[in-house]
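Chains as they are written, first to last, in the working numbering: chain A, -16 to 309; chain B, -16 to 309; chain C, -16 to 309; chain D, -16 to 309.
Just so you know, even glycine gets a beta-carbon here, dropped at the ideal spot from N, CA and C.
Please read all numbers here as calculations on a predicted model, not as lab measurements.
4 protein chains.
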Amino acid sequence: MKRVDPAVPAGNVAELLANMSNTGFQGRKLGESLDIWSRMIEDESCTILLGLSGAMIPAGMQEIIRELVKRRYIDVLVSTGANMFHDTCEHLDVHHYLGHHHVDDVDLFSKGIDRIYDVFAYEKEFRTIDSAISGFAGELSPYTGSSRDFTGRLGRWLSEKNPSGKSVLSECAKSGVPVFIPALCDSSIGIGLLMARRKGVSTFVDQIADVDEITKIVESSERTGVIYVGGGVPKNFIQQTQVIASIHNAGNDGHHYAIQYTTDSPHWGGLSGCTFEEAISWGKETPDCRNVQCFCDATIALPVVVSGLVSAGVQRKKVPDVMNMI
Amino acid sequence: MKRVDPAVPAGNVAELLANMSNTGFQGRKLGESLDIWSRMIEDESCTILLGLSGAMIPAGMQEIIRELVKRRYIDVLVSTGANMFHDTCEHLDVHHYLGHHHVDDVDLFSKGIDRIYDVFAYEKEFRTIDSAISGFAGELSPYTGSSRDFTGRLGRWLSEKNPSGKSVLSECAKSGVPVFIPALCDSSIGIGLLMARRKGVSTFVDQIADVDEITKIVESSERTGVIYVGGGVPKNFIQQTQVIASIHNAGNDGHHYAIQYTTDSPHWGGLSGCTFEEAISWGKETPDCRNVQCFCDATIALPVVVSGLVSAGVQRKKVPDVMNMI
Amino acid sequence: MKRVDPAVPAGNVAELLANMSNTGFQGRKLGESLDIWSRMIEDESCTILLGLSGAMIPAGMQEIIRELVKRRYIDVLVSTGANMFHDTCEHLDVHHYLGHHHVDDVDLFSKGIDRIYDVFAYEKEFRTIDSAISGFAGELSPYTGSSRDFTGRLGRWLSEKNPSGKSVLSECAKSGVPVFIPALCDSSIGIGLLMARRKGVSTFVDQIADVDEITKIVESSERTGVIYVGGGVPKNFIQQTQVIASIHNAGNDGHHYAIQYTTDSPHWGGLSGCTFEEAISWGKETPDCRNVQCFCDATIALPVVVSGLVSAGVQRKKVPDVMNMI
Amino acid sequence: MKRVDPAVPAGNVAELLANMSNTGFQGRKLGESLDIWSRMIEDESCTILLGLSGAMIPAGMQEIIRELVKRRYIDVLVSTGANMFHDTCEHLDVHHYLGHHHVDDVDLFSKGIDRIYDVFAYEKEFRTIDSAISGFAGELSPYTGSSRDFTGRLGRWLSEKNPSGKSVLSECAKSGVPVFIPALCDSSIGIGLLMARRKGVSTFVDQIADVDEITKIVESSERTGVIYVGGGVPKNFIQQTQVIASIHNAGNDGHHYAIQYTTDSPHWGGLSGCTFEEAISWGKETPDCRNVQCFCDATIALPVVVSGLVSAGVQRKKVPDVMNMI
């Protein structure tokens, strides 16, 4: 057996994570995840899908995600609607603020401040973005399309509307990274769309098309790697593509690489926290899949691991043209 | 101050929960939740919405949920797609089995057994239900409607297809309890719908209509009470109705009663685990909302609390006609 | 395979737990724990050890624990010092109060109120008990003995001091159930003992004697069953007895029954949350040990399961004379 | 309000943590903890106490802790017995190995391999260390002293026994950092001591002296800062010093700085997971204490934050002579 090699303090993040991968518990898992992600990036036949749950944009993860897109450390993004709503806010100069988690919320309500754990924001400002999205839907009308098509248009519209603004959506639109939001209407984007609908705007978001499109990407890929930030709909939506591909005899045999950063636990029985071992029983991951599940808040794991990837200088060798797989 | 009154063992569940409500920590919260749910049921002006996440049907919660519908302890159900898929399976005699959580999953895969923590099922049997749903979509075609409309039709179809079968869906259809599945295609129901789509069947599930319909129910209710089993899309989807109602000046001022049973934690910052205090800052709950968040696996909390409601003989005084609010 | 049998609401706790044992996830585990505990009680060759962590007495679990002792559902108690301090308080009419977990703690401090999550108490009153314990040590002086001997004397002293008072300690003293507190001085009992020491009182608590005595009980028992409420020192202290017995070739081969109610998780790597499978690798449990780890707050699990034992009328057949094993 | 400033990937750990302290959720807390720890180190009037729980040495944290001692980023160590036992093992060339958490433990048992989550070790080798400790006790005999005195002697003995070996204990002995183990006998050190006792060796570990000594250090310090790695006995043992100092009117008013890295949660009501706000109600921390509780596995938090301290070049200005305070 190989000895545990105690971690030594290191100034460089990549070096530190390499140290940690020879220790135990979740520190070891975090270190291993850097190695697995690096392998995905360096595998020329691999398409990389990222599932993004949790209030990551309010919590300051926007630049980290944008970096992943720019460096093409990911090829497909599946997100909650909320993350892309808050991303839209930031692009349009509606911001999030450093608050505190132990406060008087009735007082905040009276001041029009919304709280997301220790992050604050102004409800009034959010409503201007709800309206902006409603307005954008009006411009598109009549519209029917997948959420992936919708978010691509939204990303381009944001770049036009505020060329100096920054967002994951606009970066994805620019980089050819499709963004799926399977539960689009379960978010303030949905609120904006309902505002438009109630005004008579004709917009339909075709959720079956979403399943079709993402499955086509998986079916067209020789290998796939998945990274789950949290669980929820984004995780299941990516996981189920392998089951669908199998039903349609597409020649896939499960995701080949898999990473999850989560604060959920397997013993609650839900899909969000389940192990990749469990997923293997379903054929969602291959039996010999390189995988790691690291129990850690993503606001720690993401900055640390992405800094590790960047500082290690990991380079994508071949970028799959996912937009042409749809 | 009122003294902690040590819990005394009691044979009757309702009595035990009453005892527990005078203790501390999560036992106290569980006891308090019985009291708050009872108040919702006895409030003649209250519409009760249940959000259902987690693999509750595979875990044997079908009868508990059916009882809630039959006794009309709830008026609206918002669920993950998976729960209603597994509910459909049970109705059509495809069952779930007692397994174990610590097994060799590669071995299970080779035997065609899917694992959900300590519950097993046959993949082959699940695929017959995927096909049945695809077939049902074919019968409906051409179809455009909300998930609520779709699940109503599915519930009635199940009763016709297998009159001796039991399901939450068929019970809801019979009892006039609408079932919303905001992320319908993120589930095996979605898999069935895609199978149909790829065969050329014309089915569209209109997610914006879902937001519209559930918001109308909330807007038409004098007061609302919410119960969240887990978090995820069902929790947020119900929570956001109050924000939408506020934007449309519908006269609502937040949910009046709120219960959550969850294994998530507030400190991860996500919506699933956030406190009702946080929700008050957003106006989702009223500042004086009677609420309790109980940190407990729902497979414990639900059977215990629902047994408490039943054994206490809590009676609904007036059932709101929610189908007519849509 | 045996089918999952959906839980049906039941008024009787024992019946409900039996239902739950045929479901999934932690509800199933809770149900299984009733069965395993019942088997321990009915096994005539089994000595039952309970490890008690967490602020169980402040949280209103005193009567539940007393019932376990009175009915002799347990034979040995290993506790944190804090639990037995708060138990002493209750016996001497210093009580705990229903508070709230979301308050201004600086304000509480200024009012002399100590908070234990949602339980309040008066610091001033606690200090009278610190002094009482210091006084009791003075009466004993000069004293050297194990914590087990010390708590036995404390239990008897409490009965004399306040004959109408109730405590786990006095009940254990009366029932011949030894109480070990391996980290006695890490608690307000330790504070009282230090107060005495600083006044010149001669008191020594011999922690090596504790290890010796509890190991002798295990070595003298044909079989042992363990129940862990939480983890911490009480769990490890009981677990390690089997390793010690093995080193001394006492003929033991691990605990034969094992239950843990915990809110910790295996993936953090600590002893508190580790699985009984892990314990088997160490020889702490037998390879064929009947065991269950249930992830649930003990303020829920204990009242429910103990009510189940009581309402099922489980009877101890033969009570081991543990005091004579020391 | 100050805006959330999205974290940007950074190669240097200290820079990355500074970025993270302007984000949200636990990433922000981790960043803040670097700042608070730096302040403790730079405060010339501050004595720094570290509480160490969890299987940190098996998990490869030995070098990190040794670095803290060498650089005198801490002045007092309070540990579980297990950590110092495994530290002793490493010093005497008995090592820990990289294993896996999902294995057949009955098979491991048959091979004499002990598992600590994903770390393996040989039971036979551990028993040689149990015997070595028993032998060391024999050399000391007759002995009565605090665990602090005992660990000091053990540390020096290790250096003599294996001069090329490395351990936290020997480093602490060399650096004048006292090591308290309040529950010494709840560990394999206790097993070794019992082996000696049963052979007639006269050894007494005086736990009341431990409380006295650590309280004297706190009473002699102008200010104190605390860092808790996990909870358990080490946390409470350090926390209670302020209560004891208050009872003895020593002029203290609570710890002035406080950090906890934990995977426990406040809502379970135990001391391990309770907030520093709760502690303020008890007077354990000052009302204006600079504190942060970061929910993160210590095998992630410790390497990252200690690397941050080291790479930022934080320097202790004035080292308190804690050995002379006892």
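For C277 (chain A), the first and last residue of its enclosing alpha helix (DSSP H): Here residue 277 (chain A) corresponds to residue number 294 of the first sequence, with the count starting at 1. For C277 (chain A), no alpha helix (DSSP H) segment is defined; the enclosing uninterrupted segment is the beta strand (DSSP E) at E268 to F278.
Delimiting residues of the beta strand (DSSP E) encompassing R55 (chain B): In the second sequence, counting from the first residue as 1, residue 55 (chain B) sits at position 72. In the DSSP annotation of this structure, R55 (chain B) is not part of any beta strand (DSSP E), being labelled neither H nor E.
Bridge partner(s) assigned by DSSP for H238 (chain C): As a position in the third sequence, residue 238 (chain C) is number 255, starting the count at 1. Note: H238 (chain C) sits in a beta bridge opposite C:E268.
Listed by chain order, chain G residues near S229 (chain D) by CB distance under 7 Å: The structure shown has no chain G; the protein chains it does contain are A, B, C and D.
Touch test, the stretch 164 to 176 of chain B against the stretch 129 to 139 of chain B, Cβ-Cβ under 8 Å, three pairs minimum: Taking a contact to require three or more Cβ pairs closer than 8 Å, the stretch 164 to 176 of chain B and the stretch 129 to 139 of chain B qualify as touching.
Range covered by the alpha helix (DSSP H) that runs through V95 (chain A): Numbered from 1 along the first sequence, position 112 holds the residue referred to as residue 95 (chain A). For clarity, residue 95 (chain A) is Gly in the given sequence; the question names Val instead. Counting along the chain, G95 (chain A) falls outside any alpha helix (DSSP H), and DSSP gives it neither H nor E.
Neighbour flag for S129 (chain D) against chain B, beta carbons, 8 Å: Stepping through the fourth sequence from its first residue, residue 129 (chain D) is reached at position 146. Not a single C-beta of chain B is nearer than 8 Å to the C-beta of S129 (chain D).
Between the CA atoms of I116 (chain A) and E122 (chain A) - distance to the nearest angstrom: Along the first sequence, read from residue 1 onward, the residue named residue 122 (chain A) stands at position 139. Along the first sequence, read from residue 1 onward, the residue named residue 116 (chain A) stands at position 133. Here the C-alpha atom of E122 (chain A) lies approximately 10 Å from the C-alpha atom of I116 (chain A).
Where P(-8) (chain A) falls, given that 16 or more other Cβ within 10 Å makes a residue buried: Here residue -8 (chain A) is taken as the residue at index 9 of the first sequence, counted from 1. Counting Cβ neighbours within 10 Å, P(-8) (chain A) comes out buried, since at least 16 surround it.
Under 7 Å by beta carbon: chain A residues contacting C279 (chain D): Residue numbering aside, residue 279 (chain D) sits at position 296 when the fourth sequence is read from its first letter. Residues of chain A with a Cβ closer than 7 Å to the Cβ of C279 (chain D) are, in chain order, C279, D280 and I283.
Continuous alpha helix (DSSP H) stretch holding A104 (chain A): start and end: Looking up residue 104 (chain A) in the first sequence gives position 121. Boundaries around A104 (chain A) are those of the beta strand (DSSP E), V102 to Y105, since no alpha helix (DSSP H) includes it.
C-beta contact flag for G43 (chain A) and G138 (chain D) at 8 Å: In the first sequence, residue 43 (chain A) corresponds to position 60, counting from 1. In the fourth sequence, residue 138 (chain D) corresponds to position 155, counting from 1. Contact flag unset, no.
Option nearest I309 (chain B) by Cα separation, candidates B:Q225, B:S185, B:G215 and B:V160: Taking the second sequence and counting its residues from 1, one reaches residue 309 (chain B) at position 326. I309 (chain B) has its Cα closest to that of B:V160, out of B:Q225, B:S185, B:G215 and B:V160.
Proximal chain C residues relative to Q9 (chain A), where beta-carbon distance stays under 9 Å: Position 26 of the first sequence holds residue 9 (chain A). What Q9 (chain A) touches in chain C: H250, W251 and G252.
Residue closest to H78 (chain B), alpha-carbon to alpha-carbon, out of C:V(-13), C:P303 and C:G148: For the purposes of this step, residue 78 (chain B) is identified with residue 95 of the second sequence, where counting begins at 1. When each option's Cα is compared against that of H78 (chain B), the closest is C:V(-13).
Short-range partners of chain C found in the stretch 77 to 103 of chain D, where Cβ spacing is below 8 Å: Under the 8 Å Cβ criterion, the stretch 77 to 103 of chain D contributes H84, D88, V89, L91, F92, I96, D97, R98, I99, Y100, D101 and V102.
Pairwise C-alpha distance: T186 (chain A) and D271 (chain A): As a working note, residue 271 (chain A) is residue 288 in the first sequence. As a working note, residue 186 (chain A) is residue 203 in the first sequence. When rounded, the distance between both Cα atoms is 44 Å.
Within-8 Å CB hit, L167 (chain A) to chain B: To locate residue 167 (chain A), count along the first sequence from 1; it is residue 184. So yes, L167 (chain A) belongs to the interface.
V162 (chain B) - DSSP class collapsed to helix/strand/coil: Numbered from 1 along the second sequence, position 179 holds the residue referred to as residue 162 (chain B). Note: V162 (chain B) maps to strand in three-state DSSP.
Nearest-angstrom Cα separation, counted from P303 (chain A) out to V151 (chain B): Reading the second sequence from its first residue, position 168 is the one you call residue 151 (chain B). Reading the first sequence from its first residue, position 320 is the one you call residue 303 (chain A). Those two C-alpha atoms are separated by around 44 Å.
Residues within the stretch 178 to 202 of chain A neighbouring chain B, beta-carbon criterion of under 9 Å: Flagged, chain order: M178, A179, R180, R181, T186, F187, V188, D189, Q190, I191, A192, D193, V194, D195 and T198.
Cβ distance (whole Å) where K199 (chain C) is taken to contact E27 (chain C) below 8 Å: Looking up residue 199 (chain C) in the third sequence gives position 216. Looking up residue 27 (chain C) in the third sequence gives position 44. Separation of the CB atoms of K199 (chain C) and E27 (chain C) is rounded to 20 Å, and the pair is thereby denied contact status at 8 Å.
With 16 other Cβ atoms within 10 Å as the buried cut-off, status of P125 (chain C): For the purposes of this step, residue 125 (chain C) is taken as the residue at position 142 of the third sequence. When all chains shown are included, P125 (chain C) counts as exposed.
Proximal residues to I48 (chain B) (C-beta, below 6 Å), its chain only, five neighbours per side dropped: Here residue 48 (chain B) refers to the residue found at position 65 of the second sequence. Scanning its chain for C-beta atoms nearer than 6 Å, with the 5 sequence neighbours on each side dropped, one finds around I48 (chain B) the residues V151, in chain order.
Closest residue to H238 (chain A) among A:I263, A:I174, A:D70 and A:Y105 (Cα-Cα distance): Here residue 238 (chain A) corresponds to residue number 255 of the first sequence, with the count starting at 1. The residue with the shortest Cα to Cα distance from H238 (chain A) is A:I263.
Extent of the continuous alpha helix (DSSP H) to which R139 (chain B) belongs: For this step, residue 139 (chain B) is matched to residue 156 along the second sequence. Counting along the chain, R139 (chain B) sits inside the alpha helix (DSSP H) bounded by residues S130 to K144.
Which of helix, strand or coil DSSP assigns to Q223 (chain D): Residue numbering aside, residue 223 (chain D) sits at position 240 when the fourth sequence is read from its first letter. Helix at Q223 (chain D).
Touching by the beta-carbon criterion (3+ pairs, under 8 Å), the stretch 61 to 81 of chain B and the stretch 242 to 251 of chain B: Touching, no, given that fewer than three Cβ pairs across the two stretches are closer than 8 Å.
Interface positions of the stretch 41 to 62 of chain A facing chain D (Cβ-Cβ less than 8 Å), listed along the chain: Of all residues in the stretch 41 to 62 of chain A, the ones placed with a Cβ closer than 8 Å to any Cβ belonging to chain D are P41, A42, G43, M44, Q45, E46, I47 and E50, in chain order.
Per-residue contacts from K(-15) (chain A) into chain D (C-beta, under 9 Å): Along the first sequence, read from residue 1 onward, the residue named residue -15 (chain A) stands at position 2. Chain D residues near K(-15) (chain A): Y80 and L81.
Whole-angstrom distance between V275 (chain C) and G214 (chain A), CA atom to CA atom: Counted from its first residue, the first sequence places residue 214 (chain A) at position 231. Counted from its first residue, the third sequence places residue 275 (chain C) at position 292. Inter-residue distance for G214 (chain A) and V275 (chain C) is about 27 Å (C-alpha atoms, whole angstroms).
Chain-ordered chain B contacts of N219 (chain A) [CB-CB under 8 Å]: For the purposes of this step, residue 219 (chain A) is taken as residue 236 along the first sequence, with counting starting at 1. By Cβ distance, chain B contributes A65, D169 and S170.
Buried versus exposed, by CB contacts within 10 Å (16 or more), V89 (chain B): Counting from 1 along the second sequence, the entry for residue 89 (chain B) is found at position 106. Flag for V89 (chain B) reads exposed.
Own chain partners of C257 (chain A) with C-beta closer than 7 Å, once the 5 adjacent residues on each side are dropped: As a working note, residue 257 (chain A) is residue 274 in the first sequence. Counting only Cβ-Cβ distances below 7 Å, and skipping sequence neighbours, we find P249.
Expected contact under 8 Å - CB spacing of I242 (chain A) and I19 (chain A) to nearest Å: The residue you call residue 242 (chain A) lines up with position 259 of the first sequence. The residue you call residue 19 (chain A) lines up with position 36 of the first sequence. In this structure I242 (chain A) is in contact with I19 (chain A), their Cβ atoms being roughly 6 Å apart against a cut-off of 8 Å.
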